[in-house]
Every structure is written in structure tokens, then in C-alpha cells.
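Chains as they are written, first to last, in the working numbering: chain G, 324 to 714; chain U, 324 to 714.
We treat Cβ as the ideally placed atom computed from N, Cα and C, and that holds for glycine.
Treat the numbers as computed from the prediction; the structure is a model and nothing was measured.
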């Protein structure tokens, strides 16, 4: 270590973080998973229960109730799908889209593209409204397309994890969708409990999320919620759902359409993950949704302020930023791969690379759940200072 | 407590088990999940890693290697699907069955029925060879049907979790399947590492399992293995797979067709569950497959011997029993629901009820993974003695 390095106050902090508090664990500042709390970690190791044990069914009911609060919905059918976030997406399309149905999707990143491609694979007639990666979908343009195309489902990505864009105008889109009797679908993977979300007020009929983002839980479950209007539409399907694992009717026999309804076996729920999700949701609700969103916003602001001197500039305009995940354009002549390696191996800090057309051009820095605080920003800044000093 | 109860040596043991060693946890002697070891529990709470972290990708490679050993296969494409056991079944049919394909399945319980129904939902031409619930599929009859029907896939349930039947004659079925150029599919959910299994020797091309049975891991993952012949057949598909979550081609870009191959993002793997599975597999391999199977067999024998005096008789003939899960016909005038409630609430012991036509007629008692020992049998006997004393 050089004399300069030893004298740099950032370095002291950096060495400290690397060798003590983070010695055995990564600080996960990528697009998720993020770190989980000790409470969530302990609940993950709770002694197992059988999937039909009354105590476990109580835990499932608790989970449903807490998810309703998190989504800000009264939807009876709200529960976690037994798979990761993409499983929630697939569950929604498998149940609500039939071959030949019209599907309209806003595409401004990986996850809008993924929705579009899956709808095509399932034999839907698909149209899209596109925007640059890093920009939101133009709401007027989308609503105009809704009126002319009259889709069965209108889908948008509320929190685009590939670009860090938060889609606004959700209520307007919902109203336009309902005007043509369409269902409104939202990808809420990185927005749930990290950004304002009003599923019922917005008129969202079909929403899915993931556990490893702002909920602060390991990956493995995909919370979903379905409006009564959606359930009604499900009953009008002309064909059976071409899936067993994702068949809503079969799953409901197990997770129950409402509390107190008799259950029967469909699949063996991932018990430990449900325990962890329940604890994570409890932490969310103890903090309060508004406070939690404000904390995510404050952390994102601090991050942008602290990274600006290094030459990192936000990709997304201020009013459209997804606070839990900020995408930065990189400094000039910056070896982003070398810098990510340095952060990971010398500082135990993970940041996210760009995806698709943004690969090599941006970093995605997540400050989610328990990581949405100034300490995370400080650790990252320490690591960057160290990198720039050595390179 | 009555004087008689105090004097009954079983009662002492029973009270002990309820109030101390099992005070905060159930003894899970149903069809799975079973209890997990302290090692597996601790690994579940290991600090998270990102899903693209080189350390996590190493863990995934380790998992694949250990699964190959457990399945007794050299199949390169062997990995855990991010969903519970039924997700593995759906993954296999989604990738290897196209509408109009011929599908032949042995049906002698819930899980054969499930395979049959899913193949129908997917638009296959389905035929079945049936057997009574509690009996194996007649191998000659199945092979004859293979020759006449010439299916694309022949499916059997190697370990029927609904009845406790272990299907023998796997090598003969595999040979017949290959003679007509069919793929051989096996449901190995409750047989993997609890019963002899030789995927390569048997000629099984497509196999799936679950983590919450003989592997002694929580539910949440479905290990699968695919032969080279299956991979070749996959490449000859006429249509794209109508799924994103289960699309083999997409998943392989992430989990990797072989070690050292570059990875790209498909979904966020359930990190904590992979850690737990790796530890569970390590325990399996330390014990050795043969020893482990013998332990399951010895526990099942002891269980049958100890329950016989109560009037419980095995449903399945000795040579066809699935040792990890024994199905018992119940004593005369036995209130099976009351007895299960008593075991659960007074002794913290879960046993499994019958499914489908066997509901109310049998119990399914699982002695799986760490529960396959005489202590489990003793606890259950204690609980039953107590029940019969009080009723």
C-alpha cells in the first residue's frame, strides 16, 4: 500500500468495511437480490412445517393479508407464486391470455421485451408502444393505441429493472384500458414497497412482483394480485389453461380464494421462503409504506449526489427515476468491467452491469430494502475512490 | 394425567418428546417436506450472493455435479428448476412434448394422473396403462403398449408419492422405449437418494425430482436431468417452447450447458435454496447412496413391524414398496382424522392422509432423509399408544 493510499481517509473506511463488517458477505448493490435483515434470515431457518399443516396455512393467510397491504389492494386473490419474478409474469399470461387474443405492451427495456416475446410465444396478436431505453412510455401514445387496437390486455412495466425507469401515468393508462374493456397488467418487480403503488386506485387488474428487491427477502417467490374484474375474465376463458403449475383454478384450491375456505393439495409450497416473506413484509409494514418509499428516494438522491463528482450521470430524467435502482452513464475512459471486479473482489460490493443495448454503457446501482441508506452509499464511494486511486 | 398414563413407559417418552426435543418443531412424517438437518438449515441462512456472482455460479456448478452423482448419471444437463417438484414435471413436458405428439403414461396414483392430464392440456395424443392404486404398472403390458402405440414419450412414476409404490422394471421399460425411438420420462420425486436409482443404466432420458423428500432440503427446487438423446430431440422441435420460465434453451444460457461456458441472465435463481440443496447433497454423498437407501429400507421395515400390532397393514406388496413412504391401510373403526389431529397437536407429529380414492382409507408415513431412523418410529409409536389409550 502506498503512502498516498494510507493517508486517504476514504481508504481507511474502505479497508475497515472490507476486512471487518463485510468480511464474509457481499454488499449487494446490483439489481437484486439485495441483502436481507437478520430477522428475515432467522425466519428462513425456522423449523419446517408441512404444507397442509394448519399453522402453515395460517402463515399463508398472513402472507396474503400482508401482501394486500403492500400492494395497496383489497383484491381477495393476492398470494405468492412458487417461483421467481419471471414465474409471476408467466402465471399471468398463461391464465389471462389465449391464442389469438390482442395484447398491447409498452416496451422500453428488457422486461417489456420479455412480456412481448412471451405473449407472442403464447400465440397472441401482439402490438407494442416503444420508447428509448431510459425513457418512460409516452402515456398519450399508449392510450391512443389502446383505443385503436382494443386489446384484451394492456401491459406496462411499472419499474423497469433494466433501465431504472418508473412508469408514471398509471391511473390514466388504467382508465383507458377499462374504457375498451381491457385488463391492465403491471410488472411491479422493482417498484413494490420502494415506490408509490396504488394497485386499486390505478385500476391495475394483474400485477406481479419479486421478493428479492424492495421487500428485502431472498429470491424465490413472485407475489401476484388479481382484481375481481380479472377473476371474472378468467371464468370466461374458452380453453383450459395449458399449464398445471401455473393454473389459477388449481392453485386457488390450495392457497384458497379467501380465508377459511377449505384447501386441497396442488403443490408443496416453498415453506421456508413463505416464512421469510412474511417476516420481510412485517418489516415493511412496521416501517410504513410512505416512510419506506421516502427512504428509498433519499438514498437514491444521495447516491446521485455522491457519484456525480466521479463522472457518473443518471440515465433517466429526474421525474421518471426508479429510486430503488439508479442507472448511471459511465465516466469517460472507464473500464467498467475492471471496476466492477475491483469492487467485488477488493470491497465485496456488487453493482449491476447494463443489459442488452446498455451492456458496457451503464451501471445499475440498487439501494433496496435494508440497503437503502447512506452507509451503502458510503461503502460504494469508498470502493470507487480506491479503484480510481489505483487506476 | 392419570396414574395409568404415568406408569406407561411410552407416555414418558412421548411427553419428553413433546415438551423438550420437539417442543418448537414438528416431526414431519408425512409425504414431505421432512425435517432438515442443522447443516442444511444453517446453509439456508448463509449471506446472499448475487445470481451472477462468480461465487454463486461456482455454487451452481457444484450443485449440478452433486446432482449428477445423486441421479447416477453423466448427463451434462442436470440442474435444479426454480420451482417445486411439479415445476420440474411441467418443465419436461413443456420442452419435450408438442401438440399432437403421442404420450404414453403409466397411471397408478395421483402423480401419473397429473402427468396424463398435463399432457392432455398441452394437446398431446395421450394413452395410459393403468394399475390399481397401490400396485405397480405391469411392465409387460406397458412394453406391449409402447410397441403398438409408438409414443414420443413414455412416462412412469418411479416413486408414486400418493400410494407408496416403487416402480420396478425401469431398465426393461427404457429399452422398449428406445426400441421405438421414444424418450423415457421418470417422476423420481420421492425415490431420489431414498431408493436405488440408475438414470443412465435404466435409460431414463427425462427425470425430475423434488428437494423436500429424501434429499432433506426444504421444498422449492426441482432437480432435473436430461440425456443427450433428449437434448438432440429438443433441437428437432417444430415450434418454439410456449413458455419463457421453463424454456430449456433460455435457462441453459444461465445455468450453462457445461462448466466454464459463459452465462447470461435468464431469471434470478433462488440463491438461498441452492445453498441449502448443495449442503443437503453433500450430506447425501458423505453418507453414500447405498448406505442411505439401506437406511431408508431399514426404517421402513421397522415401521411396518412396529405398527402391525396396532392393526396397520401395508397397502403395497413387499417387493414394490417405496421405502421412504409407506402407505398403511387403517385399523378397523379407527377415526383417522381424530388420530392425525391428536398426533399433530399433542405430539407435534405430522403423518400424511390418503389422496383421491385413498382419502380416509390410508395413512402415508414418510421416513425420509434424517427422519429415516428408529427414533422417528419410536416417537410415532409413542403418539399412537397415547391416542389409543385415550380413545
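Not a single CB atom of chain G sits nearer than 8 Å to the CB of residue 439 (chain U). The Cβ of residue 651 (chain G) sits no closer than 8 Å to any Cβ of chain U. Assigned with DSSP and collapsed to three states, residue 453 (chain G) falls in strand. Boundaries of the beta strand (DSSP E) harbouring residue 510 (chain U): 506-510, taken from the DSSP string. When C-alpha distances from residue 534 (chain U) are compared across U:376, U:705, U:701 and U:386, the shortest belongs to U:386. Its chain contains 410, 411, 414, 545 and 547 as the residues whose beta carbon lies nearer than 6 Å to that of residue 404 (chain U), once the 5 sequence neighbours on both sides are disregarded; these appear in chain order.
Per DSSP, residue 621 (chain G) is one residue of the alpha helix (DSSP H) stretching across 612-630.
In this model, residue 638 (chain G) and residue 624 (chain G) are separated by some 14 Å (Cα to Cα).
Neighbours of residue 590 (chain G) in chain U, taken as residues whose beta carbon is under 9 Å from its own, are 406, 407, 408, 409, 410 and 542 in chain order. For residue 444 (chain U), a Cβ of chain G is located within less than 8 Å of the residue's own Cβ. Under the three-state reduction of DSSP, residue 492 (chain G) is assigned to coil, being neither helix nor strand. Within the DSSP bridge table, the entry for residue 546 (chain U) names U:403 as partners.
Under the DSSP definition of a beta bridge, residue 525 (chain U) lacks any partner. Chain U places a beta carbon closer than 8 Å to that of residue 349 (chain G), counting this residue as a contact. For the 8 Å CB-CB criterion, residue 484 (chain G) and residue 512 (chain G) form a contact. Between residue 416 (chain G) and residue 442 (chain G), the C-beta spacing is below 8 Å.
Linking residue 477 (chain U) to residue 401 (chain U) through their CA atoms gives a straight-line distance of about 20 Å. In terms of Cβ geometry, residue 351 (chain U) and residue 602 (chain U) do not form a close pair [threshold 8 Å].
Linking residue 499 (chain U) to residue 361 (chain U) through their CA atoms gives a straight-line distance of about 44 Å. Interface criterion not met: the Cβ of residue 499 (chain U) is under 8 Å from no Cβ in chain G. Between residue 444 (chain G) and residue 563 (chain U), the C-beta gap is smaller than 8 Å, which places the two residues in contact. For residue 496 (chain G), there are no C-beta contacts with chain U under 7 Å, since the nearest C-beta of that chain is about 23 Å from it. Counting only the Cα atoms, residue 393 (chain G) lies some 24 Å from residue 368 (chain G). When secondary structure is reduced to three states using DSSP, residue 567 (chain U) falls in the coil class, being assigned neither helix nor strand. A residue is called buried when at least 16 other Cβ atoms come within 10 angstroms of its Cβ; residue 573 (chain U) meets this threshold and is buried. When rounded, the separation of the alpha-carbon atoms in residue 364 (chain G) and residue 599 (chain G) is 7 Å. At a cut-off of 8 Å between C-beta atoms, residue 535 (chain G) counts as an interface residue with respect to chain U. Flagged as an interface residue toward chain U: residue 596 (chain G), by a C-beta distance shorter than 8 Å.
Among the bridge pairs identified by DSSP, residue 649 (chain U) is matched with U:688. In the structure shown, residue 578 (chain U) falls within a helical segment according to DSSP collapsed to helix, strand and coil. Judged by DSSP in its simplified three-state form, residue 637 (chain G) adopts strand.
The stretch 447-455 of chain G and the stretch 606-618 of chain G do not touch, with fewer than 3 CB-CB distances between them shorter than 8 Å. Looking at the backbone, the Cα of residue 607 (chain U) and that of residue 516 (chain U) are separated by about 7 Å. For a cut-off of 8 Å, the C-beta gap from residue 690 (chain U) to residue 647 (chain U) is around 6 Å, short enough to register as a contact. With respect to residue 518 (chain G), residue 482 (chain G) sits close: the two C-beta atoms are nearer than 8 Å.
Per DSSP, the unbroken alpha helix (DSSP H) holding residue 552 (chain U) starts and ends at 551-558.
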